[in-house]
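Going by this note's numbering, the first residue of the sequence shown is number 643, and it counts up by one from there. What follows is a single structure, written as structure tokens, with notes after it.
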Amino acid sequence: MQDWNDLRLVLAVVRAGNLTGAAKALGVNHSTAFRRLAALEEEMGVRLFERLPAGAYAPTEAGERMAASAERIETEAAALDREILGHDQQLTGRLRVTASETLGFRILTPLIGRFRCQHPGIQVELAVDNRILSLSRREADVALRALRPREGDLHGRRLGTIGWTLFAKRELVAGLPRLGPEPESLEGLPLIGWEQGMSGINAADWLNARAPEAAFVYRSSSLLNQFVAVKAGMGVAVLPCYLGDPEPDLVRLTEAPVAALGRELWIVTHTDLRRTARVRAFFDLIGEGFAEARSLLEGTSS
643 MQDWNDLRLV LAVVRAGNLT GAAKALGVNH STAFRRLAAL EEEMGVRLFE RLPAGAYAPT
703 EAGERMAASA ERIETEAAAL DREILGHDQQ LTGRLRVTAS ETLGFRILTP LIGRFRCQHP
763 GIQVELAVDN RILSLSRREA DVALRALRPR EGDLHGRRLG TIGWTLFAKR ELVAGLPRLG
823 PEPESLEGLP LIGWEQGMSG INAADWLNAR APEAAFVYRS SSLLNQFVAV KAGMGVAVLP
883 CYLGDPEPDL VRLTEAPVAA LGRELWIVTH TDLRRTARVR AFFDLIGEGF AEARSLLEGT
943 SS
């Protein structure tokens, strides 16, 4: 085993369960990943994965051992990287930030623009991803999450509470039933929701508990796409207030945000990076920016 990239490939395939996901994670195309894996197995004279139906890859015993070794090396390399970066007091270099698509669309990108004006030597890379990227593996340096950090190696600051409620296009509202402040039934509403069977998303679970399948007229895995569908008059969707309130053609179906949908918003980094100059500077500016936008975030500005 001469090449660390070979180990990274095996680990990526194990994590993704298929070659397509592994290629995407490594930033290479599928055919390149396929050739590299085939060449590695031929060079080592051992099969690392069993090819299963529907493109799935199951690691053999050799594949599992190689992936475990790769993960140990990755952990050590990331720890060394964080330790070195943690002593960096220069306001230069790359800062990788991850956030949801709607935060990036409405609030975060203008603040990053302000940050760049103040610190032109820092290159900001925004990974728009609704998944929780690993800060320990340096998939991101800073994350904005609707979740309080619980891992002992993470450092976070609370930015506020995200207010959510139901929105519809203004022309559609007159024909819809009136709702109380904490709706228990959404009967009679043409609903826009997440993909069928999706769970673990607070708003999706809340919708599914209050409406039958027949109530949904449109579904999408993208919250930003749901927002566009509401603006097109397709139906009613649960949206964060910061997304719906600034739109003059959209109307809330409840006067105040629905308490059961509220979620805390945190800015988080790895403890090893909290004293890095560019991370500190980003924390400070984003904290100030979200304090200014608190009423929009929490839904009290409408």
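Glycine included, C-beta positions come from ideal geometry on N, C-alpha and C. Keep in mind that this is a model prediction, so the values were computed, not measured.
- F925 and G659 have their C-alpha atoms roughly 35 Å apart.
- In this structure, A667 lies away from V655, with their beta-carbon atoms at least 7 Å apart.
- About 15 Å separates the beta carbons of L753 and W908, which is beyond the 8 Å limit, so they are not a contact pair.
- Judged by DSSP in its simplified three-state form, T803 adopts strand.
- By the CB criterion at 7 Å, D723 and L915 fall outside the cutoff.
- Shown here for V770: same chain residues with a beta carbon closer than 6 Å to its own, the five before and five after excluded, namely E743 and G746 in chain order.
- Within the same chain, L649, V652 and L690 come within 7 Å of M708 by CB-CB distance, once the 5 residues on both sides are set aside.
- Within the same chain, and ignoring the five residues on either side of A923 in sequence, the residues whose Cβ sits closer than 8 Å to its Cβ are L733, F757, Q760, H761 and I764.
- Listed as beta-bridge partners of F858 by DSSP are L833.
- Collapsing the DSSP output to three states places P823 in coil.
- Assignment of L927 by DSSP, reduced to helix, strand and coil, places it in the helix class.
- Ranked by how close their Cα comes to the Cα of P882, the residues L892, E703 and G875 have L892 in first place.
- DSSP, reduced to helix, strand and coil, places L828 outside both helices and strands of the structure shown, so it counts as coil.
- Under the DSSP assignment, A654 falls in the alpha helix (DSSP H) whose first and last residues are W646 to A658.
- Annotation: the continuous alpha helix (DSSP H) that includes R677 extends over H672 to M686.
- In the same chain as E837, and ignoring 5 residues on each side of it, the C-beta atoms closer than 8 Å to its own belong to R861, S862 and S863, in chain order.
- For a cut-off of 8 Å, the C-beta gap from E716 to R779 is around 6 Å, short enough to register as a contact.
- CA-CA distance, G877 to G830, rounds to 11 Å.
- Within the DSSP bridge table, the entry for R894 names F809 as partners.
- T702 has its alpha-carbon roughly 14 Å from the corresponding atom of L679.
- Here T674 is exposed: its Cβ has fewer than 16 other Cβ atoms, across all protein chains shown, within 10 Å.
- Taking the CA atoms as reference points, L661 sits about 11 Å from R677.
- Between L808 and V880, the CB-CB gap stays under 7 Å.
- E940: not part of any beta strand (DSSP E); member of the alpha helix (DSSP H) spanning R936 to E940, first to last residue.
- Counting the other CB atoms within 10 Å of its CB gives P825 a total of 16 or more, which places it among the buried residues.
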